Each structure stands twice: as structure tokens, then as C-alpha cells.
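Note that the working numbering has the sequence shown beginning at 1, numbered continuously upward. For every residue, glycine included, the Cβ atom is placed at its ideal position computed from N, Cα and C. None of these values were measured; they are calculated from a predicted model.
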Amino acid sequence: MSWLPGVHAVLAALAGALGLFIAANHPLWPNLLGVAFVAWAMAVGLRPSLFLFVLPALLPVAGFSAWPGWIGVDDFDLLLLAAVSGGQARLAAAGWPRRGRSPASPGHGARTAQRGLLKALFPLCFRPDGGAGSAEFTLFRLAGIGLAALSVSYAVALVRGLSAADPSLAGWFQGYEEPLNSLRVGKAFFFALLLLPSLRQLHERAPALAASRFAAGVATGLGLLCVAVVWERSTYPGLFDFSTPYRSTALFWEMHVGGAALDGYLALAVPFAVHAVVRAPDRWRWGIAAALAVLVAYACLTSFSRSVYLGVGLSLALLAWRLSAQRQSFPPPGLPASAPTDSPFPPPEAWRRWGGRVLLAVLAFEVVAVLGFGDFMSRRLSASERDLGGRLEHWTAGLSLLRSPSEIMFGRGLGRFPANYSQAVPEREIPGRLLLVDDRQSGTYLRLSGPSQGPRRQGAFELLQRVSPLHDGSYTLAMDLRAPQEARLSVAVCQRHLLYEASCRGTLVRVPGGEAQWHHFSLRLNTPPAGAGGAWPPALGFLSLRLLPGSAGAIDVDKLRLRDATGRDLLQNGDFSDGLAHWFFAGRHYFVPWHIDNLFLEMLVDQGVSGLLLLLVLLALACVNLLRGPGRSHVLAPYLLATLISFMVVGVFSSLLDMPRPAFLFFLLLCFALFLNGCAAANPLAVPSVPVRTP
Numbered sequence: 001m002s003w004l005p006g007v008h009a010v011l012a013a014l015a016g017a018l019g020l021f022i023a024a025n026h027p028l029w030p031n032l033l034g035v036a037f038v039a040w041a042m043a044v045g046l047r048p049s050l051f052l053f054v055l056p057a058l059l060p061v062a063g064f065s066a067w068p069g070w071i072g073v074d075d076f077d078l079l080l081l082a083a084v085s086g087g088q089a090r091l092a093a094a095g096w097p098r099r100g101r102s103p104a105s106p107g108h109g110a111r112t113a114q115r116g117l118l119k120a121l122f123p124l125c126f127r128p129d130g131g132a133g134s135a136e137f138t139l140f141r142l143a144g145i146g147l148a149a150l151s152v153s154y155a156v157a158l159v160r161g162l163s164a165a166d167p168s169l170a171g172w173f174q175g176y177e178e179p180l181n182s183l184r185v186g187k188a189f190f191f192a193l194l195l196l197p198s199l200r201q202l203h204e205r206a207p208a209l210a211a212s213r214f215a216a217g218v219a220t221g222l223g224l225l226c227v228a229v230v231w232e233r234s235t236y237p238g239l240f241d242f243s244t245p246y247r248s249t250a251l252f253w254e255m256h257v258g259g260a261a262l263d264g265y266l267a268l269a270v271p272f273a274v275h276a277v278v279r280a281p282d283r284w285r286w287g288i289a290a291a292l293a294v295l296v297a298y299a300c301l302t303s304f305s306r307s308v309y310l311g312v313g314l315s316l317a318l319l320a321w322r323l324s325a326q327r328q329s330f331p332p333p334g335l336p337a338s339a340p341t342d343s344p345f346p347p348p349e350a351w352r353r354w355g356g357r358v359l360l361a362v363l364a365f366e367v368v369a370v371l372g373f374g375d376f377m378s379r380r381l382s383a384s385e386r387d388l389g390g391r392l393e394h395w396t397a398g399l400s401l402l403r404s405p406s407e408i409m410f411g412r413g414l415g416r417f418p419a420n421y422s423q424a425v426p427e428r429e430i431p432g433r434l435l436l437v438d439d440r441q442s443g444t445y446l447r448l449s450g451p452s453q454g455p456r457r458q459g460a461f462e463l464l465q466r467v468s469p470l471h472d473g474s475y476t477l478a479m480d481l482r483a484p485q486e487a488r489l490s491v492a493v494c495q496r497h498l499l500y501e502a503s504c505r506g507t508l509v510r511v512p513g514g515e516a517q518w519h520h521f522s523l524r525l526n527t528p529p530a531g532a533g534g535a536w537p538p539a540l541g542f543l544s545l546r547l548l549p550g551s552a553g554a555i556d557v558d559k560l561r562l563r564d565a566t567g568r569d570l571l572q573n574g575d576f577s578d579g580l581a582h583w584f585f586a587g588r589h590y591f592v593p594w595h596i597d598n599l600f601l602e603m604l605v606d607q608g609v610s611g612l613l614l615l616l617v618l619l620a621l622a623c624v625n626l627l628r629g630p631g632r633s634h635v636l637a638p639y640l641l642a643t644l645i646s647f648m649v650v651g652v653f654s655s656l657l658d659m660p661r662p663a664f665l666f667f668l669l670l671c672f673a674l675f676l677n678g679c680a681a682a683n684p685l686a687v688p689s690v691p692v693r694t695p
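See below:
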């Protein structure tokens, strides 16, 4: 239809304008990000298949919020917006009438217009050949209708979440109780939805290329994640220290208040490490894939997550079953030429069999080493029964938020759980808050407050700023403080990646009462000794300020300066003149009020029974397609099924949809599984043949 290119053009322009606006307001690299955004959008417009590799490859590492201090928006959003802008622009350019092209005949009627609108919004539910009577079309149409209904549910929940928040708190630097949190929770789904038209075009025109690039992108992302995990553990607890209570977080900054971003990502991505091993065409690429599998196993084991162990274990067992069934559907090599030869499995050479046995032995040794040479996981397993009891209480308290019939049916709104839970369960409220105050006399300063009704939760909230790698020596911290009543503030410089300190050197500051009077403090802090990994790799650090138990309810902070021995100030925006730019916060051993710790209850609280049922229906349709539908013969079908099941298992004990990056990968994989057919059953490394027309 003639107006469809206009829809794509508008979406491309909106995504581009929003991305450039975000880049221009970035606290660290506005100009660099603006240029990179335009270049990446143009690259996607010229080669749309790039986004299927680049987005999953950079997903686990394209997050630097601990430096700029953003919570609701992060750097990965710019990658997604540029991909949306470039993809939609290409669709718009391809859809405009060209010279010599005959226009579509008028008079198709309202039904054709309605079908065109649905195809523009949810194009993957329509087959390119228009086979409306086939079972494939019926399955895809049901999936499209379900996806459209879930889109409406997300839109309604987003409006409810935004309307329930205080609009006066809107801004770039928001926590989890402000309006931006609703957008933070919902953006993963809408980004996946906006990429659907480009995905449909790639799926129709080059299905083998789309499958191979996406699998390669996820495997590359896994490799980058493993590099981050190895660096983190070698720098802080020690590469082979399995007794220190330190759980890997990699570069998922979203875990600064707990959560399971790493768990969800591993559940989705680990099957693609198996794909890399199984599909490796030669020895050296098989060796790289085997090394990746060993590192991925290390990342899973050092997460020390019981749900990851369970989910990944079940997904591997399921994957072995489905790969066996898929292998049996293809004839072994050596059959007559009339038999199909497009098996997705390389020939079973002797080196591949022996290499597989050695790889299994190495993986088994890894499991024994992590679980047997350290006692951290055994302590976690022994506390499972107690943890389950506390989790059941938490789930019950979370469900109590749904009180009226409308809330049961449609939920409380996206991103409203932390604020609503803190109000409904005051003894488990968020343990701290940050508030910028603009005073005519004192200027702009920060108010750090503790919980209003849970004094025992004081000390579980930290104000942080990332500082450069720490070296031996002394540092001088200067700051102005005041409090309405006597308060105690813990100040420390720590070698720390995100949640767990390798070592800290700090002091206790007592602030006398008297709300109107500022007190200046100058403290000398000695840097902690080198971490377990020595001087290399360099250990990143944080300046930490924490209101201790027994203190006043709030303390005002201003004019912070952290100087090294040369007099260089290591802090940025110490006077808060740029708001909360460069400042970050984190929970400290207490993460209950930020997450309900169950994917299905999370969906129920945010979007009600309607949203939960729609998600379950889509998951069921995806499984039907991968097991009995047209997608069962696709080369990625076993891996997609394993990822979805693993994600659901991990989601029984974790909130996953409030973690934007893993949630985006989940929705992208779900769309793949919903609309998959057998077009890419053949080896994607092979060159497709071009049919020749005979006279």
C-alpha cells in the first residue's frame, strides 16, 4: 500500500531523533556517541543483516551506566534505536513507488486496508506466498494476533505506570520509583517489536544468512561476556577462589540492586555455545568453539546461581534430545545422490569424536573443581530451604498489591513494583533514596536519606562514584555535610567491580545535628592493597558514602573532592551542579524491594492476568512451532527451544523482564521461535543455488 513507506519513514525519523537526543544529553561522550549513532544507523540501512550479529554480540558489554549514572536509559538503547532507524529507513526506501513501477490498483476495500495495516505492524504473521489455508499460516496468524494483543497490554500497562508516577520527578537521573522506570521496563518489548519488519525481510529473503549471523552474534556476545567474567574474578576474588562469597556480575550494571540479569542472559545464550561446537566446520574453528564452551561453563558455575544450574542443565538435556531427533531426520553421509544432503550436522570425523570426549572431560573437571574445591556453593545449597521460605513470603506480599478487579485484570502498571511494594510493606521498603535540592542560600546539593520505617535497613544503600584504577598511596576527601540530627556516615574508597568489595579503606564521620549549619570535613584515606590478581589487571574502584544504622533519617552532602597525592581531583560533579551525572547507587546485601523474584508474578503485577495469559500463550505457540510446526526442521529450532525453556526455569526464581538487555534478547528469540519455518534447514555455510528457468 502506498502509505506503508510513510509509516516506516516516520518510525525511522522518530527513532533517529530520539537516539540523537539521548546521545546529545549523554554525560560522558555526547559528540562521539552522536557520530557513532549516525554511522551505525547508516550501516544498518545499507546492510540490514548486520543488526542480527552486532546487537546480540554487543548486548552483554554495551552498558556503562556506572560511569554516567543513568538508570532508565543506557548505551545499548542507542544501538537499538540506530538499528530501528536504519532498518525502518531501508523499508521506507524500498517501498516508495519507483519510476516505471505500475501503481497498485485501487478499490481493494476496507478489508485489504485492514490487512495491510496488520501486515505493517506485525508482518511476520503473513506468509509471502499468501497461503492462507495452510497450517503454517494458521499458526503464524495466531502468533501475530497474540503478539498484537500483548502489544496492547504493554501499551496499557505503560500508560498506567506513567500515570501512577509523580511527573514532577521526571528527568535523566531517576531511580526505580520515578516515571522513567516504566519506560525502562517496557522498552525491551517495544524495541523487539520495532525490529520485526526488518527481521521479516531478512527471514524471507535470506533465511540461512539470518540464522547464521544471529547464532554467530550470540556466540560472540558469550565470548565477550566470558572475557568480562575472567577479568572480574582474576581482579577481585581470584580466578580460582571458589570459597569467597563473590558471585560474578560481568558488565550487567543492572544488578547493582540485585536481580538476575546475568542469570537470564546465560539461560538464553548457553545453547548457542553448543551450536558453535556442533556446527564448527573444521578443526581450528572447533577448537575456538570448545574454548568458548569451557569459558561459558566457568561463567555459569561462578554465578553460583541455583536457578542457572537448574535451567542450563535442563536446557542442555533438552538440547541433546532435540539434536538427536533432528540428526535422525537427516540421512547419514554416503547415501545415494538422490537422498537429501543438506544436513545441518558436519560429517562425524574421528577428530570430532575424540575432541568431543576430551571437551566433556574438561567440563566435568570444571564442575568438580568449582563445587569441590570451594565451599561457597555448598553453603548456598544448605540455605535453600530457608531461602525458599523467605521467597514465598516475598511472593505473598507482592501479590497483595493486586487489590481491585481492574488491578487483577490489568496490573499496577509497568515498573511500579518497587514504589508500590515499599508503600505496602514498609518493613521491607527501599533502604535509601537520593534527592537533589535546589536552595537559594546553599545552591544545589544532594540529600541522602534512609528508610522511613525500617531502621534496621539503614546501611543497605550506597551513594557511589566510579574512580580510576586505584594505586598505592593516600587520598584526601573533602566534603560539606549537615543533618537535622546527629548522623553517622561511612566513607570509603574501595576496590570494587559492582556489588562485592575486594578491599576497602574508609572511616566513620559523625555529623552533629543542626539542619541549617554545614560542617566541612577533610579526611585522609589510604588506598587498599592490590587485589587478589595483583597490579594487573587493574582494579577499578568506587567512592562509597553510606548512612549507617542509628543515624538521622537524612543527611545533606555537597562539595565533594577526592584528591590524589598530586592534587588531582578524581571526582566529577562533586557539587551536583549537573544533577546526578556521574553518580551511581547500589544496594548492599539487601535487594528485596526492587524485584518480586519471579517472572510470572512480575508479569502478573505489572500487566495483570491478561498480560500473563498472553505471554504464556505466545510461549506455548513458540514451543508448538519448534516441536510440531513448520519451524521444527529449522537448524536453530532445538537451540531456540532450549533457550526458551531455560529462561522460563530461571524465571521461576528470578525477575527477568525488568532487566532490559536480557529481556530484549528474550523477546527477539521469542519472535524468532514464533515465526520460524524450515527455510534455513540447510547448511548456512553453503552457497544457495539459483534456479535456472528452462524454455
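- Linking M479 to V509 through their CA atoms gives a straight-line distance of about 11 Å.
- The segment 598-618 makes contact with the segment 397-410: 3 or more CB pairs, one atom from each, lie closer than 8 Å.
- Using a C-beta cut-off of 8 Å, the segment 141-161 makes contact with the segment 618-636, since at least three inter-stretch Cβ pairs fall below that distance.
- By the CB criterion at 7 Å, R213 and S85 fall outside the cutoff.
- The segment 559-590 contains, as complete beta strand (DSSP E) runs of 3+ residues, the segments 584-587 (chain order).
- Rounded to the nearest angstrom, the gap between the Cα atoms of E427 and Q453 is 6 Å.
- Here the alpha carbon of A57 sits roughly 5 Å from the alpha carbon of T220.
- Bounds of any alpha helix (DSSP H) do not take in S404, whose DSSP letter is neither H nor E.
- For E462, the uninterrupted beta strand (DSSP E) run begins and ends at F461 to V467, by DSSP.
- Taking 8 Å as the upper bound for CB-CB distance, A188 and E178 are not in contact here, some 19 Å apart.
- Rounded to whole angstroms, the separation of the alpha carbons of D578 and A642 is 46 Å.
- Pairing G413 with A9, the inter-Cα distance amounts to about 30 Å.
- Here M479 carries a strand assignment [DSSP, helix/strand/coil].
- In the DSSP annotation of this structure, E393 is not part of any beta strand (DSSP E); the continuous alpha helix (DSSP H) holding it starts and ends at S384 to L399.
- Unbroken alpha helix (DSSP H) stretches of 4 residues or longer found wholly inside the segment 162-248: 180-194, 196-205 and 207-235, given in chain order.
- Contact between the segment 659-671 and the segment 261-272 is present: three or more C-beta pairs spanning the two stretches fall below 8 Å.
- In the displayed model, V557 falls within a strand according to three-state DSSP.
- Between the segment 290-299 and the segment 271-278 there are three or more C-beta pairs closer than 8 Å, enough to call the two in contact.
- For Q453, the three-state secondary structure derived from DSSP is coil.
- Residues of the same chain with a CB within less than 7 Å of the CB of L601, apart from the 5 flanking positions on each side, are W395, G398 and L399 in chain order.
- If you check the CB distance, L388 and V649 do not come in under 7 Å.
- Residue burial annotation: M603 is buried, with at least 16 other C-beta atoms found within 10 angstroms of its C-beta.
- The Cβ-Cβ distance between V230 and A250 does not fall below 7 Å.
- DSSP, read as helix, strand or coil, puts Y309 in helix.
- Within the same chain, and ignoring the five residues on either side of F242 in sequence, the residues whose Cβ sits closer than 7 Å to its Cβ are V370, F373, G374 and F376.
- Between F576 and L446, the gap from beta carbon to beta carbon is short of 7 Å.
- Our two residues, Q572 and G186, have alpha carbons roughly 31 Å apart in a direct line.
- If you check the CB distance, V257 and F591 come in under 7 Å.
- As the crow flies, the alpha-carbon of L239 is around 15 Å from that of L225.
- Counting along the chain, Q423 sits inside the alpha helix (DSSP H) bounded by residues F417 to A424.
- Comparing alpha carbon positions, the residue from V368, A483 and G473 closest to N526 is G473.
- Beta-bridge pairing by DSSP links L543 to Q465 and V493.
- In this structure the segment 194-204 lies against the segment 660-676, because at least three pairs of beta carbons, one per stretch, are closer than 8 Å.
- Taken through DSSP and simplified to helix, strand or coil, E602 comes out as helix.
- If you look at G506, you'll find it in the beta strand (DSSP E) that goes E501 to V511.
- DSSP lists V511 as the beta-bridge partner residues of A487.
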